[in-house]
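Right, one structure below, let's go through it.
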Amino acid sequence: MKRRTYILYLILSLLLTGCSAREVDKNFINTKPHLENVEFIKENNDNTFQEAKVDRVVDGDTIHVEIADEIYKIRMILVDTPETVHPNKPVEWYGKEASDYTKSQLSDTIVYLQKDVSDTDRYGRLLRYVWLERPSSDEPTEEEISTMCFNSLLLENGYAQISTFPPDVKYQEFFQTREQIARENKSGLWGDKSDWDDEPKIEDTSIEPDEVLYIGNKNSKIFHSNSCDSVSKMKESNKVNIENRDFAISNGYKPCNICKP
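When we follow my numbering, the leftmost residue of the sequence shown carries the number 1375, and every step to the right adds one.
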């Protein structure tokens, strides 16, 4: 009887020990980080050049990109292309060419965004250098800047002029040499504009008709949805095509009280 009791006790002890060991192993596995998560964290901590997909090109120096299923507006640093979509300014000399160039180079592509000092401008757009390829290091060579940085390409090919707003001046000196090349070669906007019709143009030729969501009145500074009855009563010379609500408000337009765009 004692021998049987001892054997039962021994079996019970072994079973309890096994359960305890399995519980310890279970806890240990749950606290161990997965390799995929570690790599993901490491990748996203390196934000010097952030990968993004170009969703839409607004004009020569402004694009919309998609990052992690969110759309962000990007204003390129240190460059200024001629206006094509400003509600208070006519289409400027070489503006359409600059916009078309950016569309041809960036539409639906993967780019790499580099921040300087400031994160956004007063309109809430992200301020970035746009790279066609990721440079070999955090300090790109002059050759990489010249051939991979789209801001630099705009300057060198005469689609933009340099526009400096400190403290975002990381590549200012190099960009000045790119603009000088375009000036000397009379490239793009530095070329002959004798055939340019500088008559003010109200319509935005860079926006397709089905993309015009709002119509602004340049006299009243009120904007309407494109289906608002007030639009049909507006003089054609007062109409301004506006593609998004934020742009209208940031440029001084107020929403119509009737259609409430």
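Don't be surprised by glycine CBs; every beta carbon is placed ideally from N, CA and C.
Residues of the same chain with a CB within less than 7 angstroms of the CB of Ser1537, apart from the 5 flanking positions on each side, are Leu1452, Val1453, Asp1454 in chain order. Per the C-alpha coordinates, the member of Lys1628, Arg1499, Glu1518 positioned closest to Tyr1545 is Glu1518.
Of the residues Ile1441, Ser1520, Arg1619, Tyr1533, the one whose Cα lies closest to the Cα of Glu1547 is Ser1520.
The straight-line gap separating the alpha-carbon atoms of Glu1516 and Thr1483 is approximately 23 angstroms.
CA-to-CA, the gap between Val1543 and Leu1500 works out to about 15 angstroms. One thing to note: Glu1553 has its Cβ within 7 angstroms of the Cβ of Leu1529.
By the beta-carbon neighbour count (other beta carbons within 10 angstroms, threshold 16), Val1491 is exposed. For the pair Gly1590 and Val1605, the CB atoms are not nearer than the 7 angstroms cut-off.
For Met1522, there is no enclosing beta strand (DSSP E); the residue is found in the alpha helix (DSSP H) stretching over 1516–1522. In the DSSP assignment, Arg1499 forms no beta bridge with any residue. If you check the CB distance, Asp1429 and Ile1441 do not come in under 7 angstroms.
Annotated as distal: Gly1469 and Thr1476, with beta-carbon spacing of 7 angstroms or more.
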